[in-house]
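For the protein sequence lines, the chains are X and C, in the order given.
First residue of the first sequence: 1, per our numbering; consecutive thereafter.
First residue of the second sequence: 198, per our numbering; consecutive thereafter.
Protein chains: 2
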Amino acid sequence: MIAKEDMYISLIENIKELVTVSEKDISLIMDSFKPKALAKKDILLFKGDTSNHMRFIIEGCLRSYYINEEGHEYIVQFGIRNWWINDLFSYLTKTPAQYFIQALQPTTILQIHRDDLDKLFIQVPVMERFFRIKMERAYVANLNRTVKSMSETSESRYLNFIKTHRDIEQNVPQYMVASYLGITPEHLSTIRKNLHQ
Amino acid sequence: MIAKEDMYISLIENIKELVTVSEKDISLIMDSFKPKALAKKDILLFKGDTSNHMRFIIEGCLRSYYINEEGHEYIVQFGIRNWWINDLFSYLTKTPAQYFIQALQPTTILQIHRDDLDKLFIQVPVMERFFRIKMERAYVANLNRTVKSMSETSESRYLNFIKTHRDIEQNVPQYMVASYLGITPEHLSTIRKNLHQ
DNA sequence: TAAAAAAATTAAGGTATCTTAAGAAAACTT
DNA sequence: AAGTTTTCTTAAGATACCTTAATTTTTTTA
């Protein structure tokens, strides 16, 4: 459990990694973001609802996932502390979300409503730059995921995942890692068996 | 062939779709972007070189592609008129490009050097917002590609591609469409045969 | 317009991954 | 601690897609 005073520290640190903000800016930012606590398995965003907030994870673990017509689940993204998570298309276009977002552990987030963020962009223009850089990085990371999923075997993608995301691997069941990698849990299980021999 | 005066019109229109710019802003923008012409098959960016420009396509068609250790090619992105194309990771981090960018048709682009864009962000701050929104959209589009590649059959992805990107399909060989979709040209050929029966 | 190069097709055999189903192990709940 | 639920494993059979290789078609070049 995190004290309310401490909660905003990681958000401000996250912003300060990319842009310079004054004390005045900081208090405007802190006033705009509201905390929200989630129990394990709580759904933060339902498919079909509109996402109206940008969300920063203070503590815990979440997943965003897609369910197709046949009822199969596909994990779009994981999120842990100091990550941002959203259905960005829904947020940007005010259309019904395509994805669910669910807490996989007890989780605390700080979220800002779209209207407040639009105000913040005017009051603290450097936040434009902050989100531009965040978006650039998210885009690059996802494009890399696309290329790797085309060019590498599932075994190599799994090895890379556990190497670079051990913190996530320890917080989510194995079948969700499989889903994120685009393979079945049974297949991941056989990959792991082959690795250990 | 496009007259020099007309070339900047599509760039300015592209910017005006998302943000409001003054006449002063427009002339600053126009001064910063330089035209470049490419013949079919010309390489705009080589793997290993650093990308130092943001690039807007006036006319023609390009692809960015990745070659893995075994020498297999994977198409990361296509670009046609009014699209932006780059190896963004290389540009942002000043590291050697992972991808090649090549003209697939005679092509004209407008490009801005990183140093000039950094200046432009200060002179015309609304350009921060422009690129933030562009990045948001690019991120969302690519995440959608990721989810579709996990959840849909290659036939359905092909049908969706020719429906939504007929302009690209008509400018690139079929084996490149296959590469973009993450399948072999032979397999795309059999998909097409099955469709026509 | 003939020759050369590039692109697309076809088909056979191979492999990675999926589906289904059942049982074992681990993690929660009362 | 026992019961329940969730997660992981194993294995057999099915299938989507790949590899290889040869042939045909289309496009480009001289």
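Virtual Cβ for every residue (Gly too), placed ideally from N, Cα, C.
Just so it is clear, the structure is predicted and the values come from calculations on it, not from any experiment.
Next item on the list: Pair every Cβ in the region 258 to 272 of chain C with every Cβ in the region 214 to 234 of chain C, then say whether three or more of these pairs are closer than 8 Å.
Entry: no
Next item on the list: Measure from the C-beta of A138 (chain X) to each C-beta in chain C and report whether the shortest distance is under 8 Å.
Entry: yes
Check: From C:E214, C:L307, C:S351 and C:L378, pick the residue whose C-alpha is nearest to that of V147 (chain X); which is it?
Finding: C:L378
Note to self: Rounded to whole angstroms, what is the Cα-Cα separation between W280 (chain C) and F328 (chain C)?
What the structure shows: 13 Å
Note to self: Under 8 Å: do the region 89 to 99 of chain X and the region 44 to 58 of chain X share three or more Cβ pairs, one atom per stretch?
What the structure shows: yes
Checklist line | Residue-level contact to chain X via CB, E352 (chain C), 8 Å cutoff | finding: no
Next item on the list: State the Cα-Cα distance for the pair Y323 (chain C) and R129 (chain X), rounded to the nearest angstrom.
Entry: According to the sequence displayed, residue 323 (chain C) carries Val and not Tyr. Going by the C-alpha atoms only, they are around 10 Å apart.
Margin query: I'd like to know whether the C-beta of M176 (chain X) is nearer than 8 Å to at least one C-beta of chain C.
Written below: no
Check: If the cut is a Cβ gap below 7 Å, which residues of chain X does I329 (chain C) touch?
Finding: Going by the sequence as given, residue 329 (chain C) is Arg instead of Ile. E128, F131, R132 and M135, listed in chain order.
Next item on the list: Please report how far the alpha carbon of Y139 (chain X) lies from the alpha carbon of A338 (chain C), in whole angstroms.
Entry: 9 Å
Note to self: For a minimum of 3 consecutive residues, which ranges assigned as the beta strand (DSSP E) are wholly contained in the region 70 to 155 of chain X?
What the structure shows: 73 to 80, 100 to 103 and 107 to 113
Next item on the list: Give the straight-line distance between the Cα atoms of H113 (chain X) and Q367 (chain C), rounded to the nearest whole angstrom.
Entry: 43 Å
Next item on the list: Determine the contact status of K244 (chain C) and Q295 (chain C), defining contact as a CB-CB distance below 8 Å.
Entry: yes
Check: By DSSP, does F46 (chain X) sit in helix, in strand, or in coil?
Finding: coil
Note to self: Give me the DSSP bridge partner(s) of Y158 (chain X).
What the structure shows: BP columns for Y158 (chain X) are empty, so no partner.
Next item on the list: Determine the DSSP secondary structure at L225 (chain C), reduced to helix, strand or coil.
Entry: helix
Check: Can you find a CB in chain X that lies within less than 8 Å of the CB of L340 (chain C)?
Finding: yes
Check: Closest Cβ-Cβ distance between F89 (chain X) and chain C: below 8 Å?
Finding: yes
Notebook entry, point to check: Skipping 5 residues on each side, what residues in its chain have a beta carbon closer than 8 Å to that of T292 (chain C)?
Noted result: T247 and F286
Note to self: Considering only their Cβ atoms, is the gap separating I12 (chain X) from F100 (chain X) smaller than 8 Å?
What the structure shows: no
Next item on the list: Reducing DSSP to helix, strand and coil, say where L208 (chain C) ends up.
Entry: helix
Next item on the list: Compare the beta carbon distance of L259 (chain C) and T304 (chain C) with 8 Å and say whether it is the shorter of the two.
Entry: yes
Check: Which residues in the same chain have their Cβ closer than 8 Å to the Cβ of M7 (chain X), if we skip the five residues on either side of it in sequence?
Finding: P35, I58, T108 and L110
Note to self: Can you pull the chain C neighbours of S149 (chain X), defined as C-beta to C-beta under 9 Å?
What the structure shows: T343, S346, M347 and G379
Notebook entry, point to check: In angstroms, rounded to a whole number, what distance separates the CA positions of V273 (chain C) and L385 (chain C)?
Noted result: 17 Å
Next item on the list: Check the C-beta distance from I80 (chain X) over to I168 (chain X) and give it rounded, since I have them as a contact under 8 Å.
Entry: 6 Å
Next item on the list: Kindly list the residues whose CB is nearer than 8 Å to the CB of V21 (chain X), restricted to its own chain and excluding five residues on each side of it in sequence; keep chain order.
Entry: I12, I15, I29, V124 and V126
Notebook entry, point to check: Is the shortest distance between the beta-carbon of H269 (chain C) and the beta-carbons of chain X less than 8 Å?
Noted result: yes
Notebook entry, point to check: Does the beta carbon of N357 (chain C) sit closer than 8 Å to a beta carbon anywhere in chain X?
Noted result: no
Item checked: chain X contact residues for V369 (chain C), given Cβ-Cβ distances below 9 Å -> Ordered by position in chain X, no residue passes the 9 Å Cβ test against V369 (chain C), which lies about 17 Å from the chain.
Next item on the list: Would you decide whether A103 (chain X) is buried or exposed? Buried here means 16 or more other CB atoms lie within 10 Å of its CB.
Entry: buried
Note to self: What does the Cβ neighbour count give for S353 (chain C), buried or exposed, with the cut at 16 atoms within 10 Å?
What the structure shows: exposed
Next item on the list: On the DSSP bridge assignment, give the partners of L178 (chain C) in chain order.
Entry: The structure shown does not extend to residue 178 (chain C), since chain C is modelled only from 198 through 394, so no value can be given for it.
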